[in-house]
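Novice: First, the structure itself, so that you have it in front of you.
Protein chains: 2
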Amino acid sequence: MKIVIFAFDGMTALDAVGPYDVFARMPGANIEIAGLERRIVRTEQGPLGLSVEATLDQVAHADLLLIPGGFGTRALLREERVLSWIAALDRGTRITASVCTGALLLGAAGLLRGRRANTHWGVRERLREFGAEPSAERVVRDGKYATSAGVSAGIDLALTLVQELAGRQVAEAIVLGLEYDPAPPISFAAVSADVRAALASAIAEREAKHSAR
Amino acid sequence: MKIVIFAFDGMTALDAVGPYDVFARMPGANIEIAGLERRIVRTEQGPLGLSVEATLDQVAHADLLLIPGGFGTRALLREERVLSWIAALDRGTRITASVCTGALLLGAAGLLRGRRANTHWGVRERLREFGAEPSAERVVRDGKYATSAGVSAGIDLALTLVQELAGRQVAEAIVLGLEYDPAPPISFAAVSADVRAALASAIAEREAKHSAR
């Protein structure tokens, strides 16, 4: 099972590393980190660098393709080399998946037309630009496509896929291995309306600024 | 607020990257990834490489020190250069923290004597070797020390610390930003007794083999 994770400057580290640490524990998984150049990419916040091990043209096949998100996706929405690579790999995948705003790249590559999909809550409506039907489910499955909500949802997405691909027992062992028994000190539902409104408007402003460029 | 995350070969990527993506969103956070050598370290499962940006002797102070876990910790339990660096930094920290088996390194550095602490469930009793009192709480706070359960618990640990350091509103904004509203497809409590017993005995065997070396 060849699993390819796309890595790029401005990605959110956890979008990739949550699923990575789930998939890496699946027997028979062979993971490759692919990017535009064979170098260290800088994740969204700067200080953390991830190592790209293969360039896009060196990776012509994936059983499972995973596209993480992060604000760096916006610059790639018109990067033909990336979009055509995603579309080409997709022709041979068993599952094509995204975490967070990685879904915008699947959309820009033309893969979500007429499909239900999710992304980060703050940009969910943007999925319509690509002909997709936004869904607020944490992990959305539609045909061979799997798209998740923002950042931390990648762990839930990957466990869902492992259960499909390798069965319940394997997924259970990974849940134990990662001690995935979350106990958020602040529940998502309890976040105050003020904080929600402030972040939603900051995201909307950033998206508008980017679209205008 | 200077936050130092230790990186090493055989670390579990998610132990570091969960907290990283939380801390990186805290205003004023200045994160540094430190390791034995300035190079790419290979995380536990191999294919993912993280970039070490500073060597231990270049990092003499941290407000918050975070030690991730992974099977690579076992080789470091007798690595004086690492243990004395952890102990030296600890003298100046506001908070010294670990995720998963990172607690074994805090213990080996002499920092957990007489303290309550947690680590991965599979090795929790090993904390007694270092004079610590094992606790099954997901995030254990004892004085300036913060230790968490395995791997994915690092996200809960980091959110707990951000709430302490920067207040509830900042922590709420990060919960939203990471869309941290976990929906595990398999609940930890529902994992079958067979899978639990098999993994517990595999871990015990691995620990015994390592101790015998």
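Heads up: the protein sequence lines correspond to chains Y and F, in order. Letter 75 of the first sequence, counting from 1, is numbered 55 in our numbering, and no numbers are missing. Letter 21 of the second sequence, counting from 1, is numbered 1 in our numbering, and no numbers are missing. The beta-carbon is built from N, C-alpha and C at its ideal position, and this holds for glycine as well.
(1) Which class does F:Y0 belong to by DSSP, given the choice of helix, strand or coil?
(2) Hey, could you find the ends of the beta strand (DSSP E) Y:V(-16) is sitting in?
(3) Taking only beta-carbon atoms, is Y:H100 less than 8 Å away from chain F?
(4) Below 8 Å on the Cβ atoms is my guess for Y:T81 versus Y:T127; work out the distance and round it to an integer in Å.
(5) With a floor of 4 residues, list each alpha helix (DSSP H) that falls wholly inside the region 14 to 59 of chain Y, ordered by position along the chain.
(6) Compare the C-beta of F:L107 against all C-beta atoms of chain Y and say whether one is closer than 8 Å.
(7) Using the Cα positions of Y:V(-16) and Y:H41, report the straight-line distance between them to the nearest angstrom.
(8) What do you reckon, are the CB atoms on Y:G(-10) and Y:A55 nearer than 8 Å?
(9) How would you write the range of the alpha helix (DSSP H) that Y:D136 sits in, first residue to last?
(10) With distances taken Cα to Cα, identify the nearest neighbour of F:G130 among Y:R74, Y:I154 and Y:A146.
(11) Measure the C-alpha to C-alpha separation of Y:E187 and Y:V103 and round it to an integer number of angstroms.
(12) Run the CB neighbour count on Y:D37, radius 10 Å, all protein chains shown included, and call it buried at 16 or more, exposed below.
(13) Going straight from the alpha carbon of Y:G123 to that of Y:G94, what length do you get?
(14) Near F:P(-1), which residues of its chain fall below 6 Å by C-beta distance, leaving aside the five closest residues on each side in sequence?
(15) F:D122 bridges to which residues according to DSSP?
(16) Is Y:V32 near Y:V39, with beta carbons less than 8 Å apart?
(17) Please compile the residues from chain Y whose C-beta is within a distance smaller than 8 Å of the C-beta of F:Y125.
(18) Using a beta-carbon distance below 8 Å, is Y:Q143 in contact with chain F?
(19) Work out the CA separation of F:W65 and Y:L57 for me, nearest whole Å.
(20) Where does Y:R106 fall in DSSP's three states?
(21) Whose Cβ in chain F lies nearer than 9 Å to the Cβ of Y:T(-8)?
(22) Taking only the alpha-carbon atoms, compute the straight-line gap between F:L85 and F:P114 and give it to the nearest angstrom.
(23) Y:G90 and Y:A67 - do their beta-carbons sit closer together than 8 Å?
(24) Run through chain F and tell me which residues come within less than 7 Å of Y:R186, C-beta to C-beta.
(25) Would the beta-carbon of F:I13 fall within 8 Å of that of F:F3?
(26) What does Y:T140 touch in chain F if you count any residue whose Cβ is under 7 Å from its own?
(27) Can you check which of these residues, Y:R108, Y:D136, Y:D174 and Y:E60, is closest to Y:V79 by C-alpha distance?
(28) Kindly indicate which three-state DSSP category F:R95 falls into: helix, strand or coil?
(29) Let me see if you follow: with CB-CB separation under 8 Å, is F:D161 close to chain Y or not?
(30) Kindly list, in the order they appear in chain Y, the residues whose Cβ is closer than 8 Å to that of F:L194.
(31) Just grab the DSSP bridge partners of Y:A77 for me.
(32) Should Y:A112 and Y:L92 be called a contact, given that it needs their Cβ atoms to be closer than 8 Å?
(33) For the alpha helix (DSSP H) containing Y:G(-10), list its first residue and its last residue.
(34) Tell me the residue span of the alpha helix (DSSP H) that contains F:L196.
(35) Let me see if you follow: with CB-CB separation under 8 Å, is Y:G49 close to chain F or not?
(36) Using a C-beta to C-beta distance shorter than 9 Å, which residues of chain Y count as neighbours of F:V103?
Specialist: Here's the rundown:
(1) helix
(2) K(-18) to F(-14)
(3) yes
(4) Contact doesn't hold; Cβ gap of about 10 Å is too wide.
(5) 53 to 56
(6) no
(7) 8 Å
(8) yes
(9) A133 to A146
(10) Y:I154
(11) 8 Å
(12) exposed
(13) 11 Å
(14) L46, G134 and A138
(15) F:Y125
(16) no
(17) Within chain Y, no residue comes near F:Y125; the closest Cβ sits about 17 Å away, beyond 8 Å.
(18) yes
(19) 44 Å
(20) helix
(21) D1 and L158
(22) 15 Å
(23) yes
(24) Simply none; closest approach about 12 Å.
(25) no
(26) P165
(27) Y:D136
(28) coil
(29) yes
(30) The displayed coordinates of chain F run from -19 to 193. Any statement about residue 194 of chain F would go beyond what the structure contains.
(31) Y:L46 and Y:A126
(32) yes
(33) Run containing Y:G(-10): none; DSSP gives neither H nor E here.
(34) As shown, chain F starts at -19 and ends at 193. That puts residue 196 of chain F outside it, with no answer to give.
(35) no
(36) The contacting residues do not exist; F:V103 stays about 11 Å from chain Y at best.
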